[in-house]
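Novice: Using the working numbering, the first residue of the sequence shown is number 28, and each one after it goes up by one.
All C-beta atoms, glycine included, are put in the ideal place defined by N, C-alpha and C.
Here's a structure for you.
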Amino acid sequence: LEGVLRNSEMLAQIPKSRRSEKISELLKIRKMRTLSGIAPIAVMTISGCPHGRCTYCPRGENAAQSYTGYEPASLRGRQNQFDGYSQVKARLDALRQIGHDVEKCELIIMGGTFNSQPREYQRKFVKGCIDAMNRGKSERVEEALKGNENADVRAVGITFETRPDWAKERQVDELLSMGATRVELGVQALSDEIYRRTKRQHTLQDVVDATRILKDSALKVCYHMMPGLYSDEKADLNYFKRLFEDERFRPDMLKIYPCLVLEGTGLYEEWKRGEYEPYDSETAAEIIAKASKYIPPYVRIMRIQRDIPANLIAAGVKHGNLRQMVKSKRKELGIRCRCIRCREMGLRGIGYEGQELELKRIDYRASEGTEIFLSCEHQKVDALAGFLRLRIPNRPHRAELMDAALIRELHVYGRALPIGERGEVQHKGIGAGLLKEAERLAHEEFDYAKIAVISGVGVREYYRKFGYRLEGPYMVRALGKDNVY
């Protein structure tokens, strides 16, 4: 041998028919990738932004706006000429080589303000991504999405990043037509003054409006927040507190990206003149740790830090392990984070014991509607097996959602499994039980005769088993005395 065999090389030599679960788990690399039950597939577009550039925003050579070009997703994009089909195919191949099941994927479309690009480009890009999962070529994005319903690799969710002023009714309708299930908004701060200073060119009211429109369209909402952006510890902690005290906001998920100073930005020039100083790693970790006490159990902290190489950061957080630093700081301060990610059974490494699971419910007002967060939890260790987001909307603009209760998310946690295979946590009837309870509440407590689910195209067959049918981008079902199963 010329060297030590890599795990991927050993896996490649074992026929699928002889790969036991134990062997696959032993040789799997980066298990965290699929422990939440789904394999994430992040792809990069070459999009810009319609308004120009914010003061903190990089634009690397041959990169999308707001990216340096050296993030892992950016590098994969460049290697594949920013082609959707090629990026997804390469990513699926890479995950398979290191032992991951990829039958259930979350497609995450990154780069600039994607939905401000020409409509033809958007639809062609998404079509290419889904075609790669389907292992074929289609004529239109609608055809690709339809084909994915029964593909070997299914998109159980599609995420788009955009700006709050690009998430109005018309733009949301376009995203839904491309299979959107989640939208990530670049909120950064809750301050019109900061928006003016950064040349953001949208307002806090745009954030409020976009959040309501997205939720009333049954979409999941993730906020990108940027501690240290022309603020201090007191202001940032107040922003996090306000996020969940003010019912106009209350996102479902957060990505927390401390502000960084990058060469070539307006902020870099301010920093050189001594007019701005970002948080260092220790300060950022402490502020995020303290902010954790304001995060409700219905929120998932998706990320804490961007994938920007330290050598490109002029000032700011240069440690690559900020999440671990935050975790240590929480322990030091005696703060316990109860966000979804910190309680997932898959990430906690806790096995499933049906008799110890309990159904819990949290009701809260958000964006002019009522949210019911149903969760299936292992009470003794505060671990989450699955959850469902039920929304009683205020004023949905979609015809399919008139007089309907909305299921915005149904998720059962555990490592990603091939479709049809049963595992420790997934596929134990938890999802069906949560769905049944949501239908009962919608009909009996809120007097709805119809319920609609924002279903990833690859999950539509699952809902059909329970009597749902496709109506526009939603799976819908009539509720009533004879229809609550």
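So, do the region 94 to 111 and the region 147 to 156 have three or more beta carbon pairs nearer to each other than 8 Å?
Specialist: Contact between the region 94 to 111 and the region 147 to 156 is present, because at least three Cβ pairs lie under 8 Å.
Novice: Among 167, 461, 406, 246, which has the Cα closest to the Cα of residue 198?
Specialist: 246
Novice: For a minimum of 4 consecutive residues, which ranges assigned as the alpha helix (DSSP H) are wholly contained in the region 93 to 159?
Specialist: As far as the region 93 to 159 is concerned, its whole alpha helix (DSSP H) runs of at least 4 residues are 99 to 106, 111 to 124.
Novice: Rounded to whole angstroms, what is the Cα-Cα separation between residue 331 and residue 507?
Specialist: Roughly 44 Å between the two C-alpha positions.
Novice: So what does DSSP say about residue 344, is it helix, strand or coil?
Specialist: coil
Novice: Specify the secondary structure class of residue 396 as computed by DSSP and reduced to three states.
Specialist: Assignment of residue 396 by DSSP, reduced to helix, strand and coil, places it in the strand class.
Novice: What number of angstroms, rounded off, separates the C-alpha of residue 503 from the C-alpha of residue 480?
Specialist: 6 Å
Novice: Check whether the Cβ atoms of residue 473 and residue 434 lie closer than 8 Å to each other.
Specialist: no
Novice: Which residue's Cα is closest to the Cα of residue 88: 73, 77, 354, 287?
Specialist: Here the closest residue by C-alpha is 73.
Novice: Who pairs with residue 183 in a beta bridge, going by DSSP?
Specialist: None; residue 183 has no bridge partner.
Novice: What is the residue span of the beta strand (DSSP E) that residue 413 lies within?
Specialist: 410 to 419
Novice: Rounded to the nearest angstrom, what separates residue 428 and residue 498 at their Cα positions?
Specialist: If I take the Cα positions, the gap works out to 10 Å.
Novice: Using 8 Å as the threshold, is the C-beta distance between residue 329 and residue 372 below it?
Specialist: In this structure, residue 372 does not lie closer than 8 Å to residue 329 by Cβ.
Novice: Taking residue 95 as the reference, give the member of 137, 68, 64 with the closest Cα.
Specialist: With respect to the C-alpha of residue 95, the residue from 137, 68, 64 having the closest C-alpha is 137.
Novice: When the Cα atoms are used, what is the spatial distance from residue 252 to residue 124?
Specialist: Taking the Cα positions, residue 252 is about 34 Å away from residue 124.
Novice: Taking only the alpha-carbon atoms, compute the straight-line gap between residue 356 and residue 410 and give it to the nearest angstrom.
Specialist: Taking the straight line joining both Cα atoms gives about 21 Å.
Novice: Quick one: grab the DSSP three-state call for residue 59.
Specialist: For residue 59, the predicted structure reports a pLDDT of 45, less than 50, and the residue's modelled location is therefore unreliable. A value from the coordinates is still provided. Assigned with DSSP and collapsed to three states, residue 59 falls in helix.
Novice: Do residue 403 and residue 457 come within 8 Å of each other at the CB atom, strictly closer than that value?
Specialist: Closer than 8 Å, so yes.
Novice: Quick check on the burial criterion: 16 or more other C-beta atoms within 10 angstroms. Buried or exposed for residue 360?
Specialist: Result: exposed.
Novice: Can you list, in chain order, the residues of its chain with a C-beta nearer than 8 Å to that of residue 53? Leave out the 5 residues immediately preceding and following it.
Specialist: With a pLDDT of only 49 at residue 53, under 50, the local geometry of the prediction cannot be trusted, and no value is derived from it.
Novice: Short of 6 Å in beta carbon distance, which residues of its chain neighbour residue 119, apart from the five on each side in sequence? Order them along the chain.
Specialist: 129
Novice: In or out: residue 273 buried (at least 16 other Cβ within 10 Å) or exposed?
Specialist: Answer is exposed; the Cβ neighbour count stays below 16.
Novice: Look at the alpha carbon of residue 36 and the alpha carbon of residue 336, and state the distance between them as a whole number of angstroms.
Specialist: With a pLDDT of 47 at residue 36, under the threshold of 50, the modelled position of this residue cannot be trusted, and the question is left open.
Novice: Quick one: grab the DSSP three-state call for residue 213.
Specialist: Correct three-state label for residue 213: strand.
Novice: Out of curiosity, what's the CA-to-CA distance linking residue 213 and residue 188?
Specialist: 8 Å
Novice: Please list the terminal residues of the continuous beta strand (DSSP E) segment that includes residue 477.
Specialist: 477 to 480
Novice: Taking the straight line between their C-alpha atoms, what separation do you get for residue 286 and residue 467?
Specialist: 45 Å
Novice: Rounding to the nearest angstrom, what Cα-Cα distance links residue 97 and residue 103 in this structure?
Specialist: Rounded to the nearest angstrom, the two C-alpha atoms are 9 Å apart.
Novice: To the nearest whole angstrom, what separates the beta carbons of residue 133 and residue 488, a pair I think is in contact under 8 Å?
Specialist: Not confirmed; about 17 Å, so no contact.
Novice: How about residue 221 and residue 257: do their beta carbons lie closer than 8 Å?
Specialist: yes
Novice: Is residue 401 helix, strand or coil when you go by DSSP?
Specialist: Here residue 401 carries a strand assignment [DSSP, helix/strand/coil].
Novice: Looking only at C-alpha atoms, which of 399, 397, 459 sits nearest to residue 412?
Specialist: It is 459 whose Cα lies nearest to the Cα of residue 412.
Novice: For residue 349, which residues in the same chain have their Cβ closer than 7 Å to its Cβ, ignoring the five residues on either side in sequence?
Specialist: 308, 311, 312, 331, 332
Novice: Taking the alpha-carbon of residue 238 as reference, which of 300, 210, 100 has the nearest alpha-carbon?
Specialist: The shortest C-alpha separation from residue 238 is found at 210.
Novice: For residue 439, report the span of its beta strand (DSSP E) as first-last.
Specialist: First-last of the beta strand (DSSP E) with residue 439: 432 to 439.
Novice: Could you give the C-beta distance for residue 475 and residue 432, rounded to a whole number, given that I count them as a contact under 8 Å?
Specialist: 4 Å
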